[in-house]
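Chemist: Dumping the structure here so I can ask a few things about it.
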Amino acid sequence: MMIHAYLFIAALGLVVWCGAQQCEYNYGSTTDSTKQVEVFWINMDRSVDRRKAMDAHLNQLGILHRRVRGISLDDIYFPEDILSTWNTYEAQIQTKEAIPTSYVHKETNKTIQFTHVMNGLVGRVKGNRLKEIGCTSSHLEAMRQAIFFNRTASPYALITEDDIFIPFNIDFQGLVASAPKDFSILQLFNSNEGSMVNYWKAYTRRGELWTENLQRKASAFWSTCAYLINREALRPIIQKIAYVKNDKVHLTIVAGMVAIICFYHIYCSCHSNITLTCI
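Positions 60 to 338 (the working numbering) are the ones given, in order, by the sequence shown.
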């Protein structure tokens, strides 16, 4: 299975950047929630003001939405055999250690009741930092909830962070209709000024609404601010890399950009020559 990710060129202002968990439901004033694209927005517990702002904003728009609790490093248990590969060129795709129900924090000496387990780390890019795993894990958790716990009949879901503003009503059905039919992810925000200029020129000259984000080369499309997912296209992948076992969500993070690999079928039950870039 190949993941087809596309960047929306013509409406870079679709959203504006403002600067096993409990699911929290907010319904808003929708007239037909069964056909809506549900919004899953990631928010850390400490970001109370952002939470209030997002909740009020999406309710005002009548958008069906759900807060996804952001994951910190303390929420994740790292088996030693997995963590030991972080600063090496090695990759561990399956921990061999028994998973406890809690762990003692090395710095605070407090007992942590973690919610997630890092079951595997593959292909770290040299510039990645360990703390970025919390962000990556939060997005995997958001996609997991969007795929398995959505409340609408829509085959799509919108994943966002908590510092966005939607300046106008978005016709999601029209957006999907304009996109390539084989898409898995539609990226709706980009913070790379250079690529924005280049692809805007492509749109004005040739009318190209979308450009494919190929992972065989370094991506020019930055930001996880907002993206639309095809729930069924991503379901078999998320089932393999973000699944519940013994009341904990087990994660496998596939990172980096590699030209040709041979392990991708482990996660997708198929063979491909690209990786899913998570960080």
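Think of the CB as a built atom: it goes at the ideal place given N, C-alpha and C, for glycine as much as any other residue.
Values in this document were obtained by computation on a predicted structure and should not be read as measured data.
(1) Rounding to the nearest angstrom, what Cα-Cα distance links Q81 and N251 in this structure?
(2) Quick check for students: name the residue ranges of the alpha helix (DSSP H) that lie wholly in the stretch 82-148, counting only runs of 4 or more.
(3) Helix, strand or coil: which one does DSSP assign to F224?
(4) Taking buried to mean at least 16 other C-beta atoms within 10 Å of its own C-beta, is W259 buried or exposed?
(5) Following the continuous alpha helix (DSSP H) through T211, name the residue where it begins and the one where it ends.
(6) Can you have a look at V107 and say buried or exposed, based on whether 16 or more other CB atoms are within 10 angstroms of its CB?
(7) Just to confirm, is the Cβ distance from M177 to L310 under 7 Å?
(8) Which same chain residues, not among the five before or five after D134, have their C-beta less than 7 Å away from its C-beta?
(9) With 16 other CB atoms within 10 Å as the buried threshold, where does D241 fall?
(10) Alpha carbon to alpha carbon, how far is L245 from R105?
(11) Counting only the same chain and skipping the five closest in sequence on each side, list residues whose C-beta sits under 8 Å from that of S161.
(12) What span of residues does the alpha helix (DSSP H) with N257 cover, start to end?
(13) Could you give the distance in angstroms between the alpha-carbon of I158 and the alpha-carbon of A205?
(14) For Q153, which three-state DSSP category applies?
(15) DSSP beta-bridge partners for A301?
(16) Report yes if the C-beta distance between N118 and R110 is below 7 Å; otherwise report no.
(17) Would you kindly work out how many angstroms separate the C-alpha atoms of C284 and F137, rounded to a whole number?
(18) Going by DSSP in three states, A238 sits in which element: helix, strand or coil?
(19) Which residue wins for smallest C-alpha separation from Y215, given the options V308, A201, I223, F227?
Modeler: On the basis of the coordinates in this document:
(1) Residue placement at Q81 is poorly supported in this model, since its pLDDT is 43, which falls under 50; the coordinates still yield a value, given next. Approximately 34 Å between the Cα atoms of the pair.
(2) Within the stretch 82-148, the complete alpha helix (DSSP H) runs of at least 4 residues are 107-120, 139-142.
(3) Assigned with DSSP and collapsed to three states, F224 falls in strand.
(4) Burial call: exposed.
(5) The continuous stretches of alpha helix (DSSP H) do not include T211, and DSSP gives it neither H nor E.
(6) With fewer than 16 other Cβ atoms within 10 Å, it is exposed.
(7) Yes; because the gap between Cβ atoms is below 7 Å, this pair is in contact.
(8) The answer, listed in chain order, is F173, T174, H175.
(9) Exposed is the call here.
(10) Approximately 29 Å between the Cα atoms of the pair.
(11) A distance below 8 Å between beta-carbons, with the five flanking residues on each side excluded, links S161 to the following residues of its chain, in chain order: T170, I171, Q172, F173.
(12) Residues 252-265.
(13) Distance between the alpha carbons of I158 and A205: 26 Å.
(14) The DSSP-derived three-state label of Q153 is coil.
(15) Residue pairing of A301 in beta bridges, as defined by DSSP: L310.
(16) No; because the gap between Cβ atoms is not below 7 Å, this pair is not in contact.
(17) Roughly 26 Å between the two C-alpha positions.
(18) In this structure, A238 counts as coil in the three-state DSSP scheme.
(19) It is A201.
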